[in-house]
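For reference, the structure discussed in these notes is given below.
Residue numbers (this note's numbering): 431 to 753.
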């Protein structure tokens, strides 16, 4: 297995796009394999929303907690060693109980919201400070400092993403996704330079529709990514996902969920594609799209799994550049 010293000698820089538990796991694996100066993680903010007067950034926090080693190992989201006293009392007092906030997690949202309301700091500045306090020494960037809330168009009407995802438990059939304010959003400071400096851009095994598309839709980001070597890791294995509604979304949008469908989703961006061995029969179809391919075990149940997959992603990228 290649170690970080070898990668450092090659001056190999990676910029990863991530959201959700799958993205957070691979980001943590990459962080274990690369020096902090050689990795930047750009995180989806399309699922950010206000709840109980607080600014909640679910994907951003999931990624940061994973990188800090403080994520709940059972769920992949939220904090380890969590308690729920504040949440339970909120419910007892008649407050909204559909979105669970643990006590440790709540502290993050309170600090973030308070600093944002002072009007002198951006989300990216606050994220950088929080990462420093958690011991995360690589660069983590929200895709934008501008809000771009995801709207989910369903058979039951238009829902904010967390209403669909948490309150409605992804039950309504989806028809379309839109990101409010996307035309006027700007990449957060550091996003474009990180893409330009990268030897490889990695699209983590996150939901293509609601974790990666909001990043790619921000004006300027896709144009920069198209200039780079880009590798995506499929979040769909044998037609299903480990977590989340991506496969369900594909079906409801009239697309058969598969690793091939994920590769087609990113057509025009990718140089290479990594997918699970369970989908080996799709390799020729993916190669016929003009992509380099690599199949392996992409299920990340343990820390070893994360690091192994991350190492293979890096080695695949180095091999692609050498050829």
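The beta-carbon is built from N, C-alpha and C at its ideal position, and this holds for glycine as well. Please read all numbers here as calculations on a predicted model, not as lab measurements.
When we look at the beta-carbon of residue 539 and count the other beta-carbons within 10 Å, is it buried (16 or more) or exposed?
buried
In the DSSP assignment, the alpha helix (DSSP H) including residue 741 goes from what residue to what residue?
733-752
Does the structure place the stretch 585-602 close enough to the stretch 519-534 that three or more beta carbon pairs sit under 8 Å?
yes
Cβ-based burial, residue 467 [other Cβ within 10 Å; buried from 16]
exposed
State the DSSP-derived secondary structure class of residue 644, mapped to helix, strand or coil.
helix
Cα-Cα, which of 663, 627, 718, 482 is closest to residue 657?
627
Start-end ranges of the alpha helix (DSSP H) lying completely within the stretch 477-516, minimum 4 residues:
488-498
Identity of the residue in 740, 536, 745 nearest residue 513 by Cα
536
If you measure from the beta carbon of residue 723 to each beta carbon in chain B, is any gap under 8 Å?
In the structure shown, chain B does not exist; there is a single protein chain.
Helix, strand or coil: which one does DSSP assign to residue 442?
coil
Where residue 576 sits in the DSSP three-state scheme:
coil
In whole angstroms, what separates the C-alpha of residue 501 from that of residue 493?
9 Å
Would you give the residue range spanned by the beta strand (DSSP E) that residue 724 belongs to?
722-726
Taking the alpha-carbon of residue 554 as reference, which of 577, 532, 565 has the nearest alpha-carbon?
577
Range of the contiguous beta strand (DSSP E) that encloses residue 706:
702-706
Buried or exposed for residue 736, going by 16 or more other Cβ atoms inside 10 Å?
buried
Pick out whichever of 700, 684, 470, 523 has its Cα sitting closest to the Cα of residue 663.
700
Which residues does DSSP list as the beta-bridge partners of residue 630?
444
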